[in-house]
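Take the sequence shown: its letters are residues 6 to 135, numbered as in this note's numbering.
The beta-carbon is built from N, C-alpha and C at its ideal position, and this holds for glycine as well.
Being a predicted model, the structure only gives us computed values, none of them experimental.
Take a look at the structure set out below.
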Amino acid sequence: MYTLNISGHHVQSGEEVQELVKERMDRLTRINDQITSIKVILNTEKHDIHELIVEASVHIPGHDLFATVRTDKQLKPAVDLLVGKLEKQLVKYKTKHTGRQHQINAQDLESSVEREEQAEFNELVEREVL
Numbered sequence: 006m007y008t009l010n011i012s013g014h015h016v017q018s019g020e021e022v023q024e025l026v027k028e029r030m031d032r033l034t035r036i037n038d039q040i041t042s043i044k045v046i047l048n049t050e051k052h053d054i055h056e057l058i059v060e061a062s063v064h065i066p067g068h069d070l071f072a073t074v075r076t077d078k079q080l081k082p083a084v085d086l087l088v089g090k091l092e093k094q095l096v097k098y099k100t101k102h103t104g105r106q107h108q109i110n111a112q113d114l115e116s117s118v119e120r121e122e123q124a125e126f127n128e129l130v131e132r133e134v135l
């Protein structure tokens, strides 16, 4: 389980907003269940009140992910875009770190063609042709 921290700068973050963000962020745990904390910041620039900035940082043991989205005062599309960016980062992280497993007695497997070519090469080396 993870902790979710939602804060708003120049934006009211009421119950509806918090429920929406929590619902969308729960989708991230389907990709990686090792998420320990998510921090979401909702912000509007003082000089441009028609632009909404949504930022999120996701902490996984050993790694932090960060994404930001700027949209026109529409929260749902902004959060969806943000979650999409974070999902891509999580998938990339997961493929890099869980794809390979090292085994103690792992051996390289040679095909029969590779063995024949190696035998021919060894024979040429013995005859001092190469």
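Per-residue DSSP class, three states only, for residue i
i: Val169; result: Examination of residue 169 is not possible in this model, given that the chain is present from 6 through 135 alone.
i: Asn127; result: helix
i: Ile36; result: helix
i: Arg75; result: strand
i: Lys93; result: helix
i: His68; result: strand
i: Glu28; result: helix
Extent of the continuous beta strand (DSSP E) run through residue i
i: Leu59; result: This sequence places Val at residue 59; Leu is not what is there. Run containing Val59: 57-65, per the beta strand (DSSP E) assignment.
i: Val45; result: 42-49
i: His14; result: 8-14
6 Å CB neighbourhood of residue i in its chain, flanking five on each side removed
i: Val16; result: Leu47, Thr49
Beta-carbon proximity list for residue i, same chain, < 7 Å, skipping 5 on both sides
i: Asn137; result: Only positions 6 to 135 of the chain appear in the structure, and residue 137 is not among them; the question remains open.
Cβ distance (whole Å) where residue i is taken to contact residue j below 8 Å
i: Tyr7; j: Ile58; result: With 8 Å as the limit, Tyr7 and Ile58 do not qualify as a contact, their Cβ atoms being about 23 Å apart.
Cβ shell of residue i (< 8 Å), same chain only, five flanking positions each side left out
i: Thr41; result: Tyr7, Thr8, His64, Ile65, Pro66
i: His14; result: Ile46, Leu47, Asn48, Thr49
i: Glu56; result: Thr49, Glu50, Arg75, Thr76, Asp77, Lys78
i: Asn10; result: Ser42, Ile43, Lys44, Val45
Point to revise | the region 62-77 contacting the region 89-104, beta-carbon criterion three pairs below 8 Å | key: Enough Cβ pairs lie closer than 8 Å, so yes.
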